[in-house]
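A.B. asks: Residue numbers (this note's numbering), protein chains in the order written: chain A, 104 to 218; chain B, 1250 to 1364.
Okay, here's the thing in structure tokens:
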């Protein structure tokens, strides 16, 4: 079974450009979580999605960030007009049901660098 | 609101010595507790979890943790470490009553195993 797949692994953007990060959950998993890891810090929750629905976006910055998980295809985390402070590792995790007592399975992350 | 505190940012230890990585949490509700390990440039891998029942939990790679409700702690231990245990370790909690399952992470502890 393939694990959680994230691409690209590394992404370089200039200030003002858009960044698109993709996450394909494990087979059979319909719940996706996005986390951000700033340098020297732990992971911070951003958003929780089920197929075609955003369930909890309490950790998403109010502007420039959006996420989707369409019926078909991967989940996408989109950052518009990137700034230096967006440089971080972005991790996706999936679970077959609402995570709770079920562990989340993490991808290897996308490392975003802003020039 | 919940929070997780990992009391040591770095723990240097010699190979074959025992180690304890400390984790305390703050929550007004019951929580599930997790320890994850992150190797360089990789995602997070679940070491162990506490859901209910016995307060001593055994995980992979010889690690174990003990849940102490009165001290709101969930310290991770290993009786004899290997060079390959060098990694970043994260403690995390999830609210049992939360309908999203999102994880709240500590800042992480870097375990450095020396030969």
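Note that CB positions come from ideal geometry on N, CA and C, so glycine has one too. Only a predicted model underlies this, so the values are computations on that prediction, with no experimental measurement involved.
Can you list, in chain order, the residues of its chain whose CB lies under 8 Å from that of residue 134 of chain A, leaving out five sequence neighbours each side?
C.D. replies: So the qualifying residues of the chain are 128, 151, 152, 153, 197, 198, 199, 200, 201 and 202.
A.B. asks: Measuring only between beta-carbons, confirm whether residue 189 of chain A sits less than 9 Å from chain B.
C.D. replies: Taking Cβ atoms only, chain B never reaches closer than 9 Å to residue 189 of chain A, which makes this a no.
A.B. asks: Please name the residue in A:207, A:132, A:193 and A:144 whose C-alpha comes closest to that of residue 168 of chain A.
C.D. replies: Closest option to residue 168 of chain A, Cα to Cα, is A:193.
A.B. asks: Can you tell me whether residue 1348 of chain B is helix, strand or coil according to DSSP?
C.D. replies: In the structure shown, residue 1348 of chain B sits in coil (DSSP, three-state: anything other than H, G, I, E or B).
A.B. asks: Please list the terminal residues of the continuous beta strand (DSSP E) segment that includes residue 1320 of chain B.
C.D. replies: Unbroken run through residue 1320 of chain B: none, as it is neither H nor E.
A.B. asks: Could you name the residues of the segment 1298-1309 of chain B whose beta carbon sits closer than 7 Å to any beta carbon of chain A, in the order they occur along the chain?
C.D. replies: So the list reads 1298 and 1300, given in the order they occur along the chain.
A.B. asks: What residue does the beta strand (DSSP E) around residue 108 of chain A start on, and which one ends it?
C.D. replies: Segment 108-110, the beta strand (DSSP E) holding residue 108 of chain A.
A.B. asks: Can you tell me which of B:1273, B:1363, B:1364 and B:1291 puts its alpha carbon nearest to the alpha carbon of residue 1314 of chain B?
C.D. replies: Residue 1314 of chain B has its Cα closest to that of B:1273, out of B:1273, B:1363, B:1364 and B:1291.
A.B. asks: Find the nearest neighbour of residue 1323 of chain B within the set B:1350, B:1282, B:1257 and B:1259, judged by alpha-carbon distance.
C.D. replies: The shortest Cα separation from residue 1323 of chain B among B:1350, B:1282, B:1257 and B:1259 belongs to B:1282.
A.B. asks: Determine the DSSP secondary structure at residue 1334 of chain B, reduced to helix, strand or coil.
C.D. replies: Helix at residue 1334 of chain B.
A.B. asks: Are the CB atoms of residue 1286 of chain B and residue 1251 of chain B nearer to each other than 9 Å?
C.D. replies: It is not a contact, given that the beta carbons lie outside the stated cut-off.
A.B. asks: Once DSSP output is grouped into helix, strand and coil, what is the label at residue 167 of chain A?
C.D. replies: DSSP places residue 167 of chain A in coil when its eight states are reduced to three.
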